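Student:
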Amino acid sequence: MNSKYTGLLLGLSLIVSQVVAQSGFSYRVNDNAPVLPFAEVVASDLPDDWSFSLVKSGITVAPEPGGYDKALKQQIDLARKDFRRVQAKMKTSGANAAQVPQNQKVFTANSSNGTPNDNSMAISNSGKIISVVNTNVRVFDENGTNQMPYRSLAGFTGNQLTGLDRTYDPRVIYDPNADRFIVIFLQGDSSNDSRIVVGFSQTNDPAGAWKWYALQGNRWNNGTWFDYPIVSISKKDLFITGNLLQDNKGWKDGFTQSVIWQVKLDDGYSGAALTNRYYDNIIYNGKPIWSICAVQGGATPYGPESFFISMRPGDAKNDTVFLHAVNNTLESGKAQLSTRILKSNITYGLPPSAIQPSGQYLQTNDARALHAIIEQGVIYFAGNTIDTTNYSAGVYFGKIGNIWGAQPQVTARIISYDTLDIGYPSLTYAGGGTGDQSLFMTFSHVSSSTFPGTSVVFIDRYGDISSPLRVRSGDGSINLLTDSNERWGDYSGIQRKYNETGVCWISGSYGSSNGTHPTCVAKIKNVDPKLSATNLAVASMKMFPNPVMETLMLELNVEQKATCTFQVIDAQGRVIKTFSDRIINGSGLYKASFDVSSLPAGSYFFKATTHENTLFTQPFVVTR
1 MNSKYTGLLL
11 GLSLIVSQVV
21 AQSGFSYRVN
31 DNAPVLPFAE
41 VVASDLPDDW
51 SFSLVKSGIT
61 VAPEPGGYDK
71 ALKQQIDLAR
81 KDFRRVQAKM
91 KTSGANAAQV
101 PQNQKVFTAN
111 SSNGTPNDNS
121 MAISNSGKII
131 SVVNTNVRVF
141 DENGTNQMPY
151 RSLAGFTGNQ
161 LTGLDRTYDP
171 RVIYDPNADR
181 FIVIFLQGDS
191 SNDSRIVVGF
201 SQTNDPAGAW
211 KWYALQGNRW
221 NNGTWFDYPI
231 VSISKKDLFI
241 TGNLLQDNKG
251 WKDGFTQSVI
261 WQVKLDDGYS
271 GAALTNRYYD
281 NIIYNGKPIW
291 SICAVQGGAT
301 PYGPESFFIS
311 MRPGDAKNDT
321 VFLHAVNNTL
331 ESGKAQLSTR
341 ILKSNITYGL
351 PPSAIQPSGQ
361 YLQTNDARAL
371 HAIIEQGVIY
381 FAGNTIDTTN
391 YSAGVYFGKI
401 GNIWGAQPQV
411 TARIISYDTL
421 DIGYPSLTYA
431 GGGTGDQSLF
441 MTFSHVSSST
451 FPGTSVVFID
461 RYGDISSPLR
471 VRSGDGSINL
481 LTDSNERWGD
491 YSGIQRKYNE
501 TGVCWISGSY
511 GSSNGTHPTC
521 VAKIKNVDPK
531 LSATNLAVAS
541 MKMFPNPVME
551 TLMLELNVEQ
561 KATCTFQVID
571 AQGRVIKTFS
581 DRIINGSGLY
591 KASFDVSSLP
601 AGSYFFKATT
611 HENTLFTQPF
621 VVTR
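If you want it as structure tokens, here you go:
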């Protein structure tokens, strides 16, 4: 009996499926048979993989992620040629610019024997780094010293899964709670062979033992294959999202749907059969959701609830953002998927192709959400977009607040420059703890006078963005394909060092002098003086009238810039109202007021906190 037929029989006899419908939204949830590991290997004991590749004529080209109408893309590129770029959408210099981060270490990592690179990296608390690209894996220490011989993606599994001859789209993630690594990559770009290969390290040593599993990309044997995985972990589960495409069709007519796999982490860490769940037929107003981005925890993996972001990536202009949530763990037996449709304050759109000094173009794909994190109840996400003020390729940087409320709010901005095209952003947490929501963002850069390279910006606790730090400048244009439209991206890698405050590591690509795109890995440090700033103090504070019937007034005299949160608390300690992220923009006298007419008569407290400390807790009385 062949494996495909076995999988089908398992599906018919053991899968429990349920269709769930909400207002305008529906999905199907499938509890699958546990998936047994196909191999256990010790990475350092595997036979050497010869790092052989044929540049240009023999380059391995990963499937295009698509997501857009190529004719529309051509129209945007033509419009750009006719447009004189006169200004940037956003200036990052000046008085309100954040502190430029520090590049503390950079080294060349993986060679490029595939295109695009699809950079992903992870670093453990002990400083062990895994860097993956199309189509190989490297392991380093923090000095850039190689810790394991070269491994192809197939070779990393010990070649114990047959037919690994079309591997691509690798991802790697580190779990600080378990001190383990997870590696994911795809095999095959047709329904005849579509597999999601998942490896769990059995120790904290990436050169040690691994357990390997394979999930079916063509889950229902219906002529589709799985593409473009995005991964996240919660405290208990691994999530893998992706898109199902029909054989021999482009994205415009071949896309069928986006799906979510939920896998129990402890099963993989122990080498047991993987408990798993599969969410598909995710439909809103009769149309399938297009490309789902898993949201990763910022300072640490969170849970039990996990979030996901979707957009309308192929449109020339749109402001729709979908917020999905799986509300619980697999272990709970209560996990359900929900979706809400939100509207951003500004639009995103299909980005133009980027221009190299050689005159060749770099593909920027579509405007999907490429990376997202959640920190302190706020979701941050980023993707490629057009900046319509100058027709450049920029980054759409969004923020979703009030995510547990009735009406989550999306606010976004476009990051772009008059001298660079940028794309393929990824985000990680850069702050110092509760209240500090600072971020790092890395992205690829290029221009008609600047070779392709990797940059990073720092976004401080007030939302100000630094000037870009060029982590690795390019040495030449990318020239791997026979046409003039080279692959770029399709994503970049970033992770905070969980046990080192204000430090992250990134992986990205740069153009080499021979036309290839090697990988750089770098250590980036938050040098914002406020990371360890002294606590803000209130020189004086007045609250009046007290008792109060309608409007309560406050006067605060403070001595430095801060972001404050104010709360109204009742006599039982319950938070009645929160006013979040109110900025004190430097020293001086500040006045505030709010209406208390909806509060019942009684005793209350007004509490003010910053990222670092509590400023005051002041009692007041409401009378009627």
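Numbering (the numbering used here), first residue to last: 1 to 624. Using N, Cα and C, we set each Cβ at its ideal position, and we do this for glycine too. Everything numeric in this text was worked out from a predicted model, so none of it was measured.
(1) Select from G435, V410, F443, K317 the residue whose C-alpha is nearest the C-alpha of S416.
(2) Given a cut-off of 8 Å, decide if I373 and L323 are closer than it, judged by their beta-carbon atoms.
(3) How should G333 be labelled, buried or exposed, when 16 other C-beta atoms within 10 angstroms of its C-beta is the threshold for buried?
(4) If distances are taken between C-alpha atoms only, which option among D266, E375, G314 comes closest to F307?
(5) Pick helix, strand or coil for Y498, following the three-state DSSP scheme.
(6) With three or more beta-carbon pairs closer than 8 Å as the criterion, would you say the stretch 27-47 touches the stretch 265-274?
(7) Per DSSP, P619 forms a beta bridge with which residues?
(8) In whole angstroms, give me the CA-to-CA distance for S57 and N514.
(9) Output the distance between the C-alpha atoms of R472 and L599, rounded to the nearest integer angstrom.
(10) Which two residues bound the contiguous beta strand (DSSP E) that contains Q409?
(11) Assuming A71 is part of the alpha helix (DSSP H), what are its boundary residues?
(12) Looking at W212: is its Cβ nearer than 8 Å to the Cβ of Q202?
(13) Could you check the C-alpha separation between G642 and D175 for me, to the nearest Å?
(14) Determine which residues share a DSSP beta bridge with M541 and list them.
(15) According to DSSP, S310 sits in a beta bridge with which residue or residues?
(16) DSSP puts V548 in a beta bridge; with which residues?
(17) Given a threshold of 16 other Cβ atoms within 10 Å of its Cβ, counted over all protein chains shown, does S540 qualify as buried or as exposed?
(18) Are the CB atoms of F156 and A109 nearer to each other than 8 Å?
(19) Quick one: is N136 buried, meaning 16 or more other Cβ sit within 10 Å of its Cβ, or exposed?
(20) What's the gap between the Cα of L439 and the Cα of N221?
(21) What first and last residue would you give for the alpha helix (DSSP H) that runs through W251?
(22) Which two residues bound the contiguous beta strand (DSSP E) that contains G208?
(23) Could you tell me the alpha carbon to alpha carbon distance between K525 and I123, rounded to whole angstroms?
(24) On the CB-based measure, 16 or more other CB atoms within 10 Å of its CB, does Q216 come out buried or exposed?
(25) With which residues is K128 paired in a DSSP beta bridge?
(26) Would you decide whether I583 is buried or exposed? Buried here means 16 or more other CB atoms lie within 10 Å of its CB.
(27) Below 8 Å between beta carbons: does that hold for D475 and S512?
(28) Could you check the C-alpha separation between V55 and L480 for me, to the nearest Å?
(29) Taking 7 Å as the limit between beta carbons, can you name the residues of its chain near T610, skipping five residues before and five after?
(30) Output needed for S26: all residues of its chain with C-beta closer than 6 Å, excluding positions within five of it in sequence on either side, in chain order.
(31) For F38, report the span of its alpha helix (DSSP H) as first-last.
(32) Compare the Cα-Cα distances from L238 to each of R80, I576, G303 and report the closest residue.
(33) Is K105 helix, strand or coil when you go by DSSP?
(34) If you scan the stretch 349-437 from start to end, which runs of the beta strand (DSSP E) of 3 or more residues do you find wholly inside it?
(35) Using only alpha-carbon positions, find the residue among D165, I233, D595, T614 that is nearest to N177.
(36) Whose C-beta lies closer than 7 Å to the C-beta of N243 among residues of the same chain, with five residues either side of it excluded?
Tutor: Judging by the given coordinates:
(1) F443
(2) no
(3) exposed
(4) E375
(5) coil
(6) yes
(7) F605
(8) Reliability of the predicted coordinates at S57 is poor, the pLDDT of 45 falling under 50, and the value obtained from them is presented with this limitation in mind. So the alpha carbons of these two residues sit roughly 14 Å apart.
(9) 57 Å
(10) 409-415
(11) 70-81
(12) no
(13) It is not possible to answer for residue 642, since the shown part of the chain is limited to 1 through 624.
(14) L556
(15) I292, F322
(16) V622
(17) exposed
(18) no
(19) buried
(20) 42 Å
(21) 251-254
(22) That residue, G208, is in no beta strand (DSSP E); it is neither H nor E in DSSP.
(23) 15 Å
(24) buried
(25) For K128, which the question treats as bridged, DSSP gives no partner whatsoever.
(26) exposed
(27) yes
(28) Note that V55 has pLDDT 41, beneath the 50 cutoff, so the model's placement of it is unreliable and no number is given.
(29) G435, L536, A562, T563, C564
(30) I283
(31) Per DSSP, F38 belongs to no alpha helix (DSSP H) and is neither H nor E.
(32) G303
(33) strand
(34) 369-375, 378-387, 392-401, 409-415, 421-429
(35) I233
(36) D227, Y228, F255, S258, S291
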